[in-house]
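This report refers to the structure that appears directly beneath it.
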Amino acid sequence: MDDHPTQPERLSSAMTPWLRTGVPPLTVVCLGVVAVGLSLGYFDPTLPSLARGLALAVWMVVSFFVFKWFRSLRQVWLDGDDLLVDDGERRVRIPLREVTDVRQSRLQKHKTITLDLTRNTPLGDKVRFVPHFALMPGFMDHPVAKELRERRERALA
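If you read the sequence shown in this note's numbering, its first letter stands for residue 519, the second for the next number, and so on.
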């Protein structure tokens, strides 16, 4: 009998807290400086007023999506046949048998993995995370996605 419990295996990148809390404001501020500079004519005083207003509108729309995308990232650990999912404020345990699909991005430089769940949890009915970095062609499955699919199948059997 093993008296030492195993440590949960981290599936998400250690950079996740930075991606969730640091990247969105930094991106929005940098884009904002450019948008405000364009709208006030600092970069090109001959820029038409329509283009100046459009710069501000684009900044607002892009800012919304940047916050939405990055804030949806979660920290994920594998603990036996359960996932531990953390959003920085709370941690939820989700059995692997409650995962209906494991999807991964193909065209992003840093892959994201999305887990569809059978039920709504306090963190939603999907879990998105950036797995640890693995150098591989875009058409191949990330090792974490592959492992999750296999472990899910075993949990369902």
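The beta carbon of each residue, even a glycine, is placed where N, CA and C say it ideally should be. This structure is a prediction, so every number in the text was calculated from the model and none was measured.
Item: Beta bridge counterpart(s) of leucine 633 as assigned by DSSP; Value: Val620 and Val645
Item: Cβ-Cβ separation, tryptophan 577 to leucine 676 (assumed contact under 8 Å), whole Å; Value: Given that the chain is displayed from residue 519 to residue 675, the structure contains no residue 676 and the question cannot be resolved.
Item: Closest Cα partner of serine 590 within the set Thr534, Pro661 and Arg637; Value: Thr534
Item: Of the listed residues Gln525, Arg570, Val554 and Asp605, nearest to tryptophan 536 (C-alpha basis); Value: Asp605
Item: Limits of the alpha helix (DSSP H) - the one that arginine 609 falls within; Value: Not the alpha helix (DSSP H): arginine 609 falls in the beta strand (DSSP E), residues 609-613.
Item: Delimiting residues of the alpha helix (DSSP H) encompassing leucine 537; Value: 534-539
Item: Environment of proline 640 [buried if 16+ CB atoms lie within 10 Å]; Value: exposed
Item: Pairwise C-alpha distance: valine 620 and arginine 667; Value: 6 Å
Item: Own chain residues within Cβ distance below 8 Å of valine 504, not counting five before or after; Value: The question about residue 504 has no answer here: the residues shown for the chain are numbered 519 through 675.
Item: CA-to-CA distance, glutamine 593 to leucine 556, given in whole angstroms; Value: 37 Å
Item: Under 8 Å between C-beta atoms of valine 584 and threonine 545; Value: yes
Item: The region 595-613 touching the region 657-673, judged by at least three CB pairs closer than 8 Å; Value: yes
Item: Secondary structure of arginine 592, DSSP reduced to three states; Value: coil
Item: 8 Å contact criterion, which threonine 501 and threonine 618 should meet: CB distance rounded; Value: For residue 501 there is no data in the structure shown, the boundaries of the chain being 519 and 675.
Item: Nonlocal neighbours in the same chain, by C-beta distance under 8 Å from alanine 553, ignoring five residues either side; Value: Ala573, Leu574, Val576 and Trp577
Item: Proximity of valine 645 and leucine 633 at Cβ, strictly below 8 Å; Value: yes
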